[in-house]
Structure formats: structure tokens, C-alpha cells
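All remarks here apply to the structure that follows.
Numbering (our numbering), first residue to last: -15 to 169.
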């Protein structure tokens, strides 16, 4: 009889371990997928920026320093690999885009240019989608980190090598707002 009780307890523990392990794997895969979605959107944004810069250059070719800073910020964004690096790169990119949009304010004919307006709308939509994806990624990371830190899951998580993931946070409170990309006509 004690043998059957021991076998029953062992079976329950094995089933529990399998359930916890599978849950952690699902959360890990969701976090990876969420990060890849953010990465895809960031690359779309990076691909849009040269078009935006070229359009502005046609009207304000003498603003070379701003164009170089935007190119540098775009490059930093593409090179970022971790959520922390990406947050810092986003900070730099947003600041340089603010400078670029400040230049645009001096050119009313550029603000009325259909190509520029289309690029502006696309950038605005991408920024909103990036913000949504960042919130989703952070929610998945929160669930994953909570799952690996709570007892008794933390025992199995440590045994199987699951480690906490970084949240995708922007470096400053001011960066939590999307960049202003709309212009009055």
C-alpha cells in the first residue's frame, strides 16, 4: 500500500513538473515572438526614415548635421539587440527626429508635400504599433518573470536554466510619449 501511495505522489510530482515546464516554455516562446514583432516594426521604421530624410533634404539640403545625426540614430537602432539597448537607441532616434521635424516647421511647402505627408502618416502609425507591441512584450515578460520567480516554480525554473528577461523600457519619462510628428498646414 505504501508503495502505491509513493507511486501516486511521484506521478503527481512528475505531472506537475511537466505542466510547469511546458508553461514556462510557452511563455518563453511568446516573449521571443513578441520581441521579433517589435524588431520587425523597428526595422520598418528604420527603412522609412531614409525616405523621410531624402524628402526633407530636397527642401532643406543645408541642414547636413541633422541628417547625419538621424542616420547615426537609425544605425544605432538597427544594431541594438537587447531591450535595454533598443530603449537607449529609441531615445537617441526620437531626439534626432524631433530635430528633423523642427527643421520641417521652417518649410511650409514641405509640410504640404504629399510624399512627406504620406511618410509622416506612416511613421505615426508605426510609432503607435511599436508602442502597442512594446506593451504586449512587457506583459508577456511580466508573466514569464512572475512564473519563474514564484514558489515552487522557481525550483524547476532554476533547474532548467530559465532566467528573467529584460523589460523594454524607455530610458526617461519624457520618452514614454510618442514623438510629435504632426504639422499644421
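We put the CB at the ideal spot given by N, CA and C, even for glycine.
Please read all numbers here as calculations on a predicted model, not as lab measurements.
Listed in chain order, the non-local C-beta contacts of residue 153 below 6 Å within the same chain comprise 71, local neighbours out to five positions each way being set aside.
Nearest to residue 3 by alpha-carbon distance, out of 27, 136 and 149, is 136. Sorting 73, 76, 132 and 69 by C-alpha distance to the C-alpha of residue 10 places 132 at the top. Judged by their CB atoms, residue 151 and residue 116 are not nearer to each other than the 9 Å cut-off. For residue 136, no alpha helix (DSSP H) segment is defined, and its DSSP state is neither H nor E. Membership of residue 1 in the alpha helix (DSSP H) is indicated by the continuous run -14 to 41. Contact check for residue 92 against residue 149 fails: the beta carbons are separated by 9 Å or more. Scanning its chain for C-beta atoms nearer than 7 Å, with the 5 sequence neighbours on each side dropped, one finds around residue 88 the residues 40, 94, 95 and 167, in chain order. Nearest in C-alpha terms to residue 77, of all of 112, 16 and 30, is 30.
By the neighbour-count criterion, in which a residue is buried when 16 or more other Cβ atoms sit within 10 angstroms of its Cβ, residue 48 is exposed.
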